[in-house]
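*Asks:*
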Amino acid sequence: MWQAPPAPVSREWLPVLDMPGPGAQNRWTVLLRLLLLIPQFVVVWVLSVVAFFVTVVGWFGALVLGRLPGFAADYLTAFVPYDTRVTAYLMLMHDRYPPFRFRTPEHPVQVELRPGELNRLAVLFRVVLVIPAAIVQGLVYAGWWMVSFVLWLVVLILGRMPQPLFEATAAIVRYRMRATAYFVMLTSAYPKRLFGEEAGSEPDGPVSATRPLVLGGGGRGLLVVFIVLGVVSWATSSITTTVTSDDDNDSTNPTQRVIAPLVPGGPADGALQSPLGQL
0 MWQAPPAPVS REWLPVLDMP GPGAQNRWTV LLRLLLLIPQ FVVVWVLSVV AFFVTVVGWF
60 GALVLGRLPG FAADYLTAFV PYDTRVTAYL MLMHDRYPPF RFRTPEHPVQ VELRPGELNR
120 LAVLFRVVLV IPAAIVQGLV YAGWWMVSFV LWLVVLILGR MPQPLFEATA AIVRYRMRAT
180 AYFVMLTSAY PKRLFGEEAG SEPDGPVSAT RPLVLGGGGR GLLVVFIVLG VVSWATSSIT
240 TTVTSDDDND STNPTQRVIA PLVPGGPADG ALQSPLGQL
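Right, dumping it as structure tokens:
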């Protein structure tokens, strides 16, 4: 009996991070990484302010057009890779200083974005929809920074980033990029796959060390550790904020003690902010 061929399965396309694997790094640039990045921090802050206003205008445009206006798509598809290159350099993933320009085909960190059609209802509630992804990103990001001094020492001593640490850090950088791209409406695909993909999941085969991003047991274990540390950081800062608030109230009125609910604070606060607020 004749049967109709199966309908083609649409494969959701997620923004892609392309990077080579961990290589040797100059220990002097590792030692002075934060100082070297001061000019970039200023530039990224300025670009992020512009990106915020472009996103607001683009949001109204996307509600009407069902896609980002051209000017907004052009700027944001340049801004997100720029921010990602600076973040990857800051998190010790490579030793190539990010150039002060948008188009850098020769740079080892590349981001592929494909702005397209958007669901207007998802655009309308974008700020609400992005909250779970922002929380996940904020926790894992805060966890990485809790042990960043130890990670910095490891890279400084070895002169390179160990493979498991590279995999876990790449997963954080990629998820952060995807959350930002979703928030600014460069993609309709919700950020996912924090723990990477299976080997051979790319239809055209591996393109780079992060495409597909395949995490070994060590990389996955480190991600879990970062998430746990992020939760600890969030909880600790919440308790500290509550105690400080109580002390302030006691000093103002010793006979009155207000017990306030725990309020998230500290490094994990970024989980409750838009991705643009975590630059």
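Anchor point for the sequence shown: position 254 equals 253 in numbering that gives the first Met the number 0, and the numbering is continuous, going up by one each time.
Cβ coordinates follow ideal geometry from the N, Cα and C atoms, glycine included.
1) Could you give the distance in angstroms between the alpha-carbon of ILE134 and the alpha-carbon of THR28?
2) If TRP144 and LEU91 are in contact, beta carbons under 8 Å, what's the gap, nearest whole angstrom?
3) With burial defined as no fewer than 16 other Cβ atoms inside 10 Å of the residue's Cβ, what is the status of ARG210: buried or exposed?
4) Can at least three beta-carbon pairs, one atom from the segment 65-72 and one from the segment 112-119, be found at a separation below 8 Å?
5) For the candidate residues LEU46, VAL129, ALA188, whose alpha-carbon lies nearest to that of TYR74?
6) With a Cβ-Cβ cutoff of 8 Å, do PRO161 and MET18 count as a contact?
7) Would GLY20 and PHE165 be called neighbours here (beta carbons separated by less than 8 Å)?
8) Starting from the Cα of LEU222, find the closest Cα among ALA77, VAL127, VAL154, TYR140 and give me that residue.
9) Quick one: residues in its chain with C-beta nearer than 8 Å to the C-beta of ARG32, no 5 flanking neighbours on either side, listed in chain order?
10) For VAL110, which beta-bridge partners are listed by DSSP?
11) So is PRO38 buried or exposed if we call it buried at 16+ other beta carbons inside 10 Å?
12) If distances are taken between C-alpha atoms only, which option among ARG125, GLY216, VAL129, ALA169 comes closest to ALA208?
13) Applying the criterion that 16 or more other CB atoms from any shown protein chain within 10 Å of the CB defines a buried residue, is VAL49 buried or exposed?
14) For PRO98, is the classification buried or exposed, using 16 other Cβ atoms within 10 angstroms of its Cβ as the cut-off for buried?
15) If we ignore side chains and look at the alpha-carbon of each, how far apart do VAL41 and VAL55 end up?
16) Considering SER147, what are the terminal residues of the alpha helix (DSSP H) in which it resides?
17) When DSSP labels each residue in this structure, what does SER207 get in the three-state scheme?
18) I'd like the span of the alpha helix (DSSP H) that includes LEU33, first residue to last.
19) By DSSP, does SER223 sit in helix, in strand, or in coil?
20) Determine the extent of the alpha helix (DSSP H) in which THR76 is found, giving its start and end residues.
*Replies:* Judging by the given coordinates:
1) For this step, residue 134 is matched to residue 135 along the sequence shown. For this step, residue 28 is matched to residue 29 along the sequence shown. Their backbone Cα atoms lie some 32 Å apart in a straight line.
2) In the sequence shown, the residue the question calls residue 144 occupies position 145. In the sequence shown, the residue the question calls residue 91 occupies position 92. Contact doesn't hold; Cβ gap of about 12 Å is too wide.
3) Taking the first residue of the sequence shown as position 1, residue 210 is located at position 211. Buried is the call here.
4) yes
5) As a first step, residue 74 must be located in the sequence shown, where it is residue number 75. Among LEU46, VAL129, ALA188, the Cα nearest to that of TYR74 is on LEU46.
6) As a working note, residue 161 is residue 162 in the sequence shown. As a working note, residue 18 is residue 19 in the sequence shown. Contact flag unset, no.
7) By one-based count along the sequence shown, residue 20 stands at place 21. By one-based count along the sequence shown, residue 165 stands at place 166. In contact: GLY20 and PHE165 (Cβ atoms closer than 8 Å).
8) If you number the sequence shown from 1, residue 222 lands on position 223. For LEU222, the nearest C-alpha among the options comes from TYR140.
9) The count along the sequence shown starts at 1 and reaches residue 32 at position 33. Contacts found: TYR88, LEU89, LEU91, TRP151.
10) As a working mapping, residue 110 is identified with position 111 in the sequence shown. In DSSP, VAL110 forms a bridge with LEU16.
11) In the sequence shown, residue 38 corresponds to position 39, counting from 1. Under this definition PRO38 is an exposed residue.
12) As a working note, residue 208 is residue 209 in the sequence shown. Out of ARG125, GLY216, VAL129, ALA169, ALA169 has the C-alpha closest to the C-alpha of ALA208.
13) Reading the sequence shown from its first residue, position 50 is the one you call residue 49. VAL49 should be labelled exposed.
14) In the sequence shown, counting from the first residue as 1, residue 98 sits at position 99. By the neighbour-count rule (16 or more Cβ atoms within 10 Å), PRO98 is not buried but exposed.
15) By 1-based counting over the sequence shown, the position of residue 41 is 42. By 1-based counting over the sequence shown, the position of residue 55 is 56. When rounded, the distance between both Cα atoms is 22 Å.
16) Indexing the sequence shown from 1 puts residue 147 at position 148. Taken as a continuous stretch (DSSP letters only), the alpha helix (DSSP H) holding SER147 covers 147-157.
17) Residue numbering aside, residue 207 sits at position 208 when the sequence shown is read from its first letter. SER207: strand per DSSP, three-state reduction.
18) Position 34 of the sequence shown holds residue 33. Where LEU33 is concerned, the enclosing alpha helix (DSSP H) stretches over 32-35.
19) For the purposes of this step, residue 223 is identified with residue 224 of the sequence shown, where counting begins at 1. It is Val, not Ser, that sits at residue 223 in the sequence shown. Residue state, collapsed to three classes: helix.
20) As a position in the sequence shown, residue 76 is number 77, starting the count at 1. That run of the alpha helix (DSSP H) goes 69-89.
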